[in-house]
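K.L.:
My questions will all concern the structure given below.
Protein chains: 2
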Amino acid sequence: MCCNGVVERLTPRERRQAATRRSLAEHALRLFAARGYEATTVADIADAADMSTRTFFRHVRDKDEAMFAADEDVFADVVEAAATADPDVPPLAQLLQGVRALAGSAEKDPEVKCARERVLDDNPALRARDLAQQLRWQQQVQRFLQERGVTADEASLAAGLVLTIWRESYRRWIAASAEPGSLGTFLDAVVAELPDHILTSAVPDR
Amino acid sequence: MCCNGVVERLTPRERRQAATRRSLAEHALRLFAARGYEATTVADIADAADMSTRTFFRHVRDKDEAMFAADEDVFADVVEAAATADPDVPPLAQLLQGVRALAGSAEKDPEVKCARERVLDDNPALRARDLAQQLRWQQQVQRFLQERGVTADEASLAAGLVLTIWRESYRRWIAASAEPGSLGTFLDAVVAELPDHILTSAVPDR
DNA sequence: GTCAAGATGACACATCGTGCCAACTAGTCA
DNA sequence: TGACTAGTTGGCACGATGTGTCATCTTGAC
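First to last, the protein sequences are chains A and B. Residues -13 to 192 in our numbering are what the first sequence spells out, letter by letter. Residues -13 to 192 in our numbering are what the second sequence spells out, letter by letter.
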């Protein structure tokens, strides 16, 4: 049910730290959504989370990171799920199965996800940070493929495609009011749309 | 030859401002590459460009933007070139022709481009800003497609694919020491690699 | 209970970014 | 040439971000 299977392996201290970061992320998102990113100071978030600003900066690197402190390793689940997939299918297909597995956990708290997306749309700096996060996911995907014998160039391109598929599916899901249970449907639609229609029409002479 | 055809339409004042921004971009990149982003202060860049820090912030929004002040609308050339392409081919094919046209101007100053990429790799904040810039390009591409009758969903996905193709081609070009004249070759290779090999192997049951 | 290691808060400090105002410059018109 | 106007610049003050340092408090093991 939970996001990954290593929670019970954490020490009490690590659990407390994770809870603190989750708390910061919730308060930061709430405040950013309510009064805007610029109008929210670090002191505001720290106050809401009952800590000093100095302690705030011990738990998150900067003001931006407060909002991202909760969901940092969601794509680790993709790689984990992909690693348990049928080893006979191509690595990229294993990955897409992993992405489908992620879709389930990503659909939790849809209204929070929508609020989050609104905040990102309103603040270029936060959107930039989100994209940088996605780039790290992309590098995880690339590593997964390379470890399974895909060449570096192919793995890089394929990882870019996987993230593009994920982004577009997620975007459509958000645009459709983040209805629970439908993210996987959007994912299938995007994958189906991909080779048949768009790309072949782009390179008609091949 | 030049990046776009509107230079002669600028007023003297606009030309001065553009020159100032180019100067800031050059000095910022040079300093970031030489001593690192964190170790370079706004005062350093402003001094190098012979201005006060107050004036610095009148020409660029923040420290990050100094480095990006030069090349903000390179993808406007793509859309412009795509708009002059054969109207009988699909819009996405027009776009790829535009991207090929961009490849030529992007290949200028290869050593600067490599230095720039090194700086971006070393500084997550700058990489994030670069990705945000690319997202704006992607939105330009999406708009281009929608204006030509492509549905919003298809245009969004296709724009994501175009940027993924561009990023991967550019990455390979940089990795191959940014040899002039070869970016177009990488572009063709990535496009050729796309539908035949990678995606069909990902969805073998279709 | 004791002790060590980590967590926290307070303070000082450098840097970032902006509002405000005075001085300077370029271009225009008489 | 001289005055006028609009835009540019620099200086100053200020709030906000982020870090180093140290004293104090808490946690967990023994």
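Note that CB positions come from ideal geometry on N, CA and C, so glycine has one too. Computed from a predicted structure; not experimentally measured.
Report the residues of the region 136 to 167 of chain B with a CB closer than 7 Å to any CB of chain A, ordered along the chain.
P.N.:
139, 140, 142, 143, 144, 146, 147, 150, 153, 154, 157, 158
K.L.:
Relative to the alpha-carbon of residue 141/B, which residue among 127/B, 149/B, 150/B, 62/B has its alpha-carbon at the smallest distance?
P.N.:
127/B
K.L.:
Please compile the residues from chain B whose C-beta is within a distance smaller than 7 Å of the C-beta of residue 117/A.
P.N.:
By Cβ distance, chain B contributes 114, 117, 118, 121.
K.L.:
Would you grab the beta carbon distance between residue 7/A and residue 56/A for me? Rounded to a whole angstrom, and I think it's under 8 Å.
P.N.:
Right, the Cβ-Cβ distance comes to about 7 Å (below 8 Å), so this counts as a contact.
K.L.:
Would the beta-carbon of residue 18/A fall within 8 Å of that of residue 81/A?
P.N.:
no
K.L.:
I'd like to know if residue 65/B contacts chain A, where contact means its C-beta is closer than 8 Å to some C-beta of that chain.
P.N.:
no
K.L.:
Quick check: the Cα distance between residue 160/A and residue 99/A, rounded to an integer number of angstroms?
P.N.:
Rounded to the nearest whole angstrom, the CA to CA distance from residue 160/A to residue 99/A is 8 Å.
K.L.:
Are the region 67 to 75 of chain B and the region 34 to 53 of chain B touching by the rule of at least three beta carbon pairs closer than 8 Å?
P.N.:
no
K.L.:
Could you confirm whether any beta carbon from chain A is found closer than 8 Å to the beta carbon of residue 176/B?
P.N.:
yes
K.L.:
For the alpha helix (DSSP H) holding residue 97/B, just list the boundary residues, first then last.
P.N.:
96 to 108
K.L.:
I'd like to check one pair, residue 170/A with residue 89/A: are the Cβ atoms closer than 8 Å?
P.N.:
yes
K.L.:
Distance, Cα to Cα, residue 102/A vs residue 16/A?
P.N.:
9 Å
K.L.:
Using a 10 Å radius around the Cβ and a threshold of 16 neighbouring Cβ atoms, would you call residue -4/A buried or exposed?
P.N.:
exposed
K.L.:
Residue 192/A by DSSP, collapsed to three states: which one?
P.N.:
Caution applies to residue 192/A, whose pLDDT of 37 falls short of 50 and renders its modelled position unreliable; the model cannot decide the point.
K.L.:
Looking at chain A, is there any beta carbon in it that lies within less than 8 Å of the beta carbon of residue 179/B?
P.N.:
yes
K.L.:
Go through its chain and collect everything with a Cβ distance to residue 164/B's Cβ below 6 Å, but skip five positions before and after it.
P.N.:
96, 99, 100
K.L.:
With a threshold of 16 other CB atoms inside 10 Å of the CB of residue 178/B, please say whether the residue is buried or exposed.
P.N.:
exposed
K.L.:
When you compare the CB of residue 110/B with every CB in chain A, is at least one pair closer than 8 Å?
P.N.:
Among the residues facing chain A, residue 110/B is included, as its CB has a counterpart in that chain under 8 Å away.
K.L.:
Could you check if residue 153/B is buried or exposed, using at least 16 other CB atoms within 10 Å of its CB as the buried criterion?
P.N.:
buried
K.L.:
Under DSSP, the alpha helix (DSSP H) around residue 139/A begins and ends at which residues?
P.N.:
Start and end: 138 to 161.
K.L.:
Can you tell me whether DSSP reads residue -8/A as helix, strand or coil?
P.N.:
A caution first: residue -8/A carries a pLDDT of 40, below 50, which makes its placement in the model unreliable, though a value can still be read off. Assignment of residue -8/A by DSSP, reduced to helix, strand and coil, places it in the coil class.
K.L.:
Classify residue 73/B: buried if its beta carbon has 16 or more other beta carbons within 10 angstroms, exposed otherwise.
P.N.:
exposed
K.L.:
Can you tell which of 115/A, 175/A, 134/A has its C-alpha closest to the C-alpha of residue 48/A?
P.N.:
Of the candidates 115/A, 175/A, 134/A, the one whose C-alpha sits nearest the C-alpha of residue 48/A is 115/A.
K.L.:
Helix, strand or coil for residue 75/A, going by three-state DSSP, please let me know.
P.N.:
coil
K.L.:
Should residue 25/A go down as buried or exposed, given a rule of 16 or more other Cβ atoms within 10 Å for buried?
P.N.:
exposed
K.L.:
Within 10 angstroms of the Cβ of residue 77/A, are there 16 or more other Cβ atoms? Answer buried if so, exposed if not.
P.N.:
buried
K.L.:
Where does residue 158/B land, buried or exposed, given buried means 16+ other C-beta within 10 angstroms?
P.N.:
The residue is buried, with at least 16 neighbouring Cβ atoms inside 10 Å.
K.L.:
Look at the alpha carbon of residue 145/A and the alpha carbon of residue 29/A, and state the distance between them as a whole number of angstroms.
P.N.:
39 Å
K.L.:
Report yes if the C-beta of residue 147/A is less than 7 Å from at least one heavy atom of the ligand NAP; otherwise report no.
P.N.:
The ligand NAP is not among the ligands present in this structure, which contains no ligands whatsoever.
K.L.:
From this set, 14/A, -1/A, 3/A, which residue's C-alpha is nearest residue 106/A's C-alpha?
P.N.:
14/A
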